[in-house]
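Heads up, the sequence shown is in full-length UniProt numbering, so the first residue is 1 and it goes up one at a time. We put the beta carbon where it would ideally sit given N, CA and C, even for glycine. Model, not experiment: these values are computed from the prediction.
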Amino acid sequence: MSTPSGPVGPAKVRIRHLHDAKDRGRPFSMLTAYDQFSAQAFEEAGIDVLLVGDSVGTTVLGHSSTTATTHQDMLTFTGAVARSVHRPLVVADLAFGTYETGPLDAVRHGVELIRAGAEMVKLEGGHAVAPQIRALVEAGIPVMGHLGFTPQSVNALSGHRVQGRDAHAADQLAEDAVAVQEAGASALVLELVPASVAARITEVVQIPTIGIGAGPACDGQVLVWQDMAGLSGFHGKFVKTFADLRRDLTRAAEQYRVEVGERSYPGEEHSFE
C-alpha cells in the first residue's frame, strides 16, 4: 500500500485494503504510535496502520513488562492517536487481564476501545481465545490476532524467545493461525517466529499476516517506533534503526543546557520589548 516514491492508495485505510494488499502481493507498513506528534508524523510518511500497543507500558510509562499496562492506559493513548490522524487504520491492544476471563469481558473492553477511537482491536493467543475473537466480531468489533512470542505471556514463555523452532511448535502455530482466522480475525501479527514458519502461515491463511521478527514473507511489517527510530537504544536482531533520535535528542538537550548556562539563550531575537 506504500511504495518507495511515497504513499499511495486510499484516502482512508480500511481492513479491506489490507486484504487487497495481500491479494496483490503488496507489503504494507505498520508502526506503533502513542501520542499526537508521532502519529501525525507517521501519517505524513504514509504509514498504513498505527498500532496503539500495550508496549506503551514499556516504551512510555517506564514499566518492565506490558503486563503492567492497564485498560485505562490503553483508552488514554488510543484516544490521543485516534484524534490526531485521518488516513491510517488505528488498531489498539486489549490489555492484559481484559479478555482472558472470557468473551463478555473481551467485548466490554473492546467496545470501550472502539469508543475511544480504535477501528480494530488486537489480542494475543490462538485456540484458547477463539471464543473471545468470535464474540468481538459478532459484536461488530474487528479483531487482529497475535501469535508467536506473545509479550503478555512473557512469564509463561520464560522470557523473549523465538517461538515455533521445532516441527511440533511450528505445526501448533499454524493450527492456531487457522483457528484465529476461523474465529473471525481479520489480520494476524506473527512475532519472533522463524522466517520459514511465518512464510508457511502466510501461505496457509487468507487473512494478512504482519511480521515483527518473522522474516520478509509476511504481508506487512510492524516495529515499535522508538526502536525503528533509534530512540529506545534497543538493537534486537530483527530491528533496523532508520534514524538515531536518541543521539540527536541528547545533543539538542546538551546544546540547550550550554546556551542557557552561558546566557546566550534566550537572545534578543527570542525576547520581547
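- For the beta strand (DSSP E) assignment, the uninterrupted runs of no fewer than 3 residues enclosed by the region 188 to 228 are, from N- to C-terminal side, 209 to 212 and 220 to 223.
- In this structure, the CA atom of LYS240 is about 43 Å from the CA atom of GLU268.
- Inter-residue distance for SER84 and GLU119 is about 14 Å (C-alpha atoms, whole angstroms).
- Distances from the alpha-carbon of ALA68 to those of HIS86, GLU43, VAL90 and ALA95 put ALA95 closest.
- One thing to note: LEU223 has its Cβ no nearer than 8 Å to the Cβ of ARG246.
- Under DSSP, the beta-bridge partners assigned to ASP93 are LYS122.
- Spatial neighbours of GLU124 in its own chain (CB-CB distance under 6 Å, excluding positions within 5 residues in sequence) are listed in chain order as HIS146, THR150 and GLN152.
- The shortest CA-to-CA distance from VAL121 to any of HIS127, ALA167, ALA106 and ALA130 is the one to ALA106.
- Excluding sequence positions up to five before and after ALA39, its CB lies within less than 7 Å of the CB of ALA33, LEU50, VAL81, SER84 and VAL85, all in the same chain and listed in chain order.
- Pairing LEU173 with GLY233, the inter-Cα distance amounts to about 30 Å.
- Taking ILE212 as the centre and dropping the five residues before and after it, the same chain places the C-beta of GLU191 and VAL222 closer than 6 Å to its C-beta, in chain order.
- Contact between VAL204 and VAL178 holds, since their C-beta atoms are separated by about 7 Å, short of 8 Å.
- Taking VAL129 as reference, the option from PHE42, THR98, ALA45 and ALA116 with the minimal CA-CA separation is THR98.
- Of the residues assessed, GLN163 falls on the buried side of the cut-off, its CB having 16 or more other CB atoms within 10 angstroms.
- When rounded, the separation of the alpha-carbon atoms in GLN206 and VAL91 is 20 Å.
- Annotation for PHE272: no alpha helix (DSSP H) segment contains it, and DSSP assigns it neither H nor E.
- CA-to-CA, the gap between ALA187 and LEU18 works out to about 8 Å.
- In the DSSP assignment, THR32 falls within the beta strand (DSSP E) that extends over 28 to 32.
- DSSP lists no beta-bridge partner residue for HIS168.
- GLU112 has its alpha-carbon roughly 9 Å from the corresponding atom of HIS71.
- ASP48 is classed as buried because its beta carbon has at least 16 other beta carbons within 10 Å across all chains shown.
- Measuring C-alpha to C-alpha distances from GLY57 to each of GLU44, VAL193, THR76 and GLU43 identifies THR76 as the nearest.
- Nearest neighbour of SER29 by Cα position, chosen from ARG115, ALA198 and GLY220, turns out to be GLY220.
- Ranked by how close their Cα comes to the Cα of GLY184, the residues ASP20, PRO103, VAL137 and ARG16 have VAL137 in first place.
- Nearest to PRO142 by C-alpha distance, out of ALA167, ARG14 and GLY25, is ARG14.
- A straight line joining the alpha-carbon of ARG108 with that of ASP176 spans about 24 Å.
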